[in-house]
Amino acid sequence: MRKTSLAGLTALAVAGSTLLSILPARAADATTLWVHGYSDTCSDTGPGTQDQPFCTIGAAAQVVQAGQTVRVGAGAYRERVTVPRSGTPDQPITFTSDSGTARVGLVGPGSGFVVDGQHDIVIRRFSATPAEGLPGLDLRNSSAITVESFGAYPETVSTTPAVRLSKVTGATLSGISSSSATLVTAVDLDAATTGVTLTASSFSTIPRYDLPMGSVAVRVAGTGNTVTRSRIEGFSAAGILVAPGASGTVVSDNYIQAGGGDGIRNDSATGTAVTNNTVHQRCRDGVRIEGASTGVAVHNNVLVDNGYLGLQNCGRTGPGGVEIGVYGTTARDTRVDYNDVFHTNASSPQLYSWGTPLGLAAFRTATGQAAHDRESRIQATRIDSANSAAPGYPTIDYSGLARADDPNVPDTGAGPITYADRGAFESVQSPVARLDPAIDLGTSTVTLDASTSTAGLTPIASYRFDFGDGTVVTQASPVASHRYATLDTYRVSVTVTGGDKRTGTVYDDVTLLPRIGTIGLLARSNLRYVGPSTSGGARADRAGLDAGSTFDVVDAGNGRVALYSRSARRYLAADQANQLTLVDAHVSGFSWLRLIRNSDGSLTISANSGYVSTSGSGGTLVAGKTTVGKFEQFHDVKVSDANRTFKARSNARYVTASNTAATPLAATATGVGVAQKYDLVNLGNYQWALFARANNRFVTASLGTQPLINTKTIPGTWERFVIVHNSDGSVSLRSAGNSRYVTADSTKPLIANAGTIGPRQQYTLG
């Protein structure tokens, strides 16, 4: 364990004597002793300081005094630690891991902790792997002992408990865990042990009915002990056994799962309270009261599918069992009420036993008990229906949550708190946080909208927004905005807090990158613009370039871009199935796109090592195509180039296109509607196509011999125009097919027939 270096030790002792004498020693903290077996400077004869810690825990234990804490560094310590003296109520002796929440391991066949004849001792965050005959935690003839987070994991089959308490008074054990395929008894409290609380612990072994034979998770034989808020799985005899001679035991808030034996067995014990436990899928009884038991109370439990019921771990025939079984004449004063019981695959008569199996109604008749029991497995019947006056009633549940009133459920319970739930788990409805981020790439601003968050049992009182760059805003309203100083990807969150202080939190990522343009994508396949679909994808199904079909183009680096839908407020991404989605507010590898300019001026988008296509149903965008055709071609139209108008200078009227393409373009309208609007599609080389909004067709110059008309689906030579900007602010259109200017002769059809620009060839571009 120790690392030592003996070379040169003699020389150091002589030559370094003067040096050592002039260096000040680091003062030891009088309240703390340090142990670190892997330190080069550790010594079991040293002062136990941080600079020179002990090598073993046992060495520290020999010198520790009341009020001191032994802090043990990470590592594996091959030792069995015995605590030789006591603390006081105000100054206990404490042994604790110095590794945060991690346990320090005691290893080897003799490993463990022993407290014998001492009091006021605290042990925190250790584990042990004892062998045959030795408990990992052995408490004897002691009192006022606190153990927190201790694991005991026997390496071999042993009839000795992993944790043993003998003649212990007033101890609290929390966070105890023990598991092994060969575990016979996890925790044993003997007949002389009193006033001990075992809580928030976990024990497990094989859930078979016969392995290990006679195994028990927790055995209680003394007086006034409590087993609560613990999880148990497996054990062939019982999850919790209240043994003969025990009295005043409380078994509450435990979650007992599949296993061979009874869930909770009370054998000839007096005054046991079995309250608010959840027990399911035990091969025998969920709760069994037998022998010379007297004064037992069974209240507020949830018991489901206990008994054989064909469970594979119960053997071919299984020992059989019921949810609540009372056996033996002296056990007939057992009180049973406010339990939920249910068998999924067996008939109602198997729910109870009063010596013989009975259904709920028959059990009530035979015993006068269970007036408020219910044959139910649904959560709703458990809510706000327990008896808070029941013996052993716990004010908190298995998870440590206080009882909460569900305003949507009538309070049908009894006692001072009529809204407590049955079983180990209180149905606590915390608020649910939901977050909808919106990005303004122009101002580097993110708006977080949490208005769709839902309240729990009380209204939402506050929203705490974390923008991921150190900016946190807490307020009563559900929307907050923040402008970022640096473009990057940020983890954002909102925490909603109800009036009852319960919270809900949700996280998301947002990406801000340099915006290099704002466009619409006009699909060549159907001459529709791409926009969000109702299913979270993208589809080319919009007639015009509007707010719903606008994308910001951002520079993602290395020649890549990303497209941010302003209406969906999400980035376009190709998932692993090559479906195009609009679900993420951040840019990842799936959002990286490449824009490829084709020779005809159209655009092709590369994603997922393939091409984006509108070949999906109804123009749905998909990726992964290997060739480029019309389904893989788009026209990128700037927002500033959409919905433009041409007003002829010759007659001050707007150029109008027919919605049926039955008539040529003519300057006839005095006002502006859809028929007077055109999207200007940049085809490169200063050439533009006019996309008539009247019918979503391109305007053609008709070989220069016929008037202009909006009939074409793909812009070719005669659908290309050069927009000439004149010195007076007007524009003229020159056909790429014949280099002639488009003429508006009063209200006659427009035609590309002029060799020069005059008033009839001038238009105001609106």
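Everything in the sequence shown is counted per the working numbering, starting at 533 for the first residue and increasing by one.
Built from N, CA and C at the ideal position, the CB exists for glycine as well.
Secondary structure note for F895: its alpha helix (DSSP H) is the uninterrupted segment 892-899. Pairing T1082 with V1011 gives a Cβ-Cβ distance that is not under 8 Å.
Short of 8 Å from the beta carbon of S1099, and not among the five residues preceding or following it, lie these beta carbons of its own chain, in chain order: G1063, P1064, A1079, G1080, S1081, T1082. Per DSSP, the continuous beta strand (DSSP E) segment holding Q1007 begins and ends at 1004-1007.
Its Cα nearest to that of S1149, the residue G1069 stands out among D1084, G1069, T1177. In this structure, DSSP gives F957 a state outside helix and strand, which the three-state scheme calls coil.
Just so you know, the alpha carbons of E687 and P641 end up roughly 8 Å apart.
Contact between the segment 740-753 and the segment 700-708 is not established, with fewer than three Cβ pairs separated by less than 8 Å. Put simply, the backbone Cα of Y870 is about 7 Å away from that of N833.
With contacts defined as CB atoms closer than 8 Å, T826 and A922 fail to qualify as a contacting pair. For A1055, the secondary structure class from DSSP, reduced to helix, strand or coil, is strand. Cβ atoms of A749 and V774 stay farther apart than 8 Å, at about 12 Å. The alpha-carbon of P948 is positioned some 39 Å away from that of N673. Burial state of L671 is buried, judged by a 10 Å Cβ sphere holding 16 or more other Cβ atoms. Assignment of L1212 by DSSP, reduced to helix, strand and coil, places it in the strand class. Take F1178, set aside five residues on each side of it, and the residues of its chain with a beta-carbon closer than 6 Å to its own are V1187, Y1295, in chain order. By the criterion of a C-beta distance shorter than 6 Å, A1189 is surrounded in its chain by L1197, A1207, A1224, A1226, N1242, once the five residues flanking it on both sides are discounted. G839 is classed as buried because its beta carbon has at least 16 other beta carbons within 10 Å across all chains shown. Under the three-state reduction of DSSP output, E687 falls in the coil class, being neither helix nor strand. The beta carbons of V567 and P585 sit closer together than 8 Å.
Taking the Cα positions, S1097 is about 17 Å away from T1021. Taken in chain order, the unbroken stretches of beta strand (DSSP E) that lie wholly in the segment 1168-1213 and span 3 residues or more are 1178-1180, 1186-1188, 1198-1201. A direct Cα-to-Cα measurement between A598 and A591 gives close to 16 Å.
Under the 8 Å Cβ criterion, the segment 1019-1039 counts as touching the segment 978-991, having at least three qualifying pairs. Under the 8 Å Cβ criterion, the segment 1001-1017 does not count as touching the segment 1033-1041, having fewer than three qualifying pairs. Sequence-distant partners of A1193 (beyond 5 residues in either direction) whose C-beta falls short of 7 Å from its own C-beta, in its chain, are N1227, R1229, I1241, N1242, T1243.
When secondary structure is reduced to three states using DSSP, I971 falls in the strand class. Exclusion of the five residues before and after A676 leaves H651, D652, G702 as the residues of its chain whose Cβ lies within less than 6 Å of its Cβ. If you compare the alpha carbons of Q882, R1056, R996, I655 with that of V636, the shortest gap goes to I655. If you draw a straight line from the Cα of S706 to the Cα of S734, it comes to about 10 Å. Distance between P667 and G644, taken at the CA atoms: about 7 Å. DSSP places D622 outside both helix and strand once states are collapsed to three, so it counts as coil. S709 sits in a strand when the DSSP states are folded into three classes. Between T897 and L890, the alpha-carbon positions lie close to 10 Å from each other. If only complete runs of 4 or more residues are kept, the segment 790-816 shows no alpha helix (DSSP H) anywhere.
Of all C-beta pairs linking the segment 1252-1262 to the segment 1155-1169, fewer than three are shorter than 8 Å, placing the two stretches out of contact.
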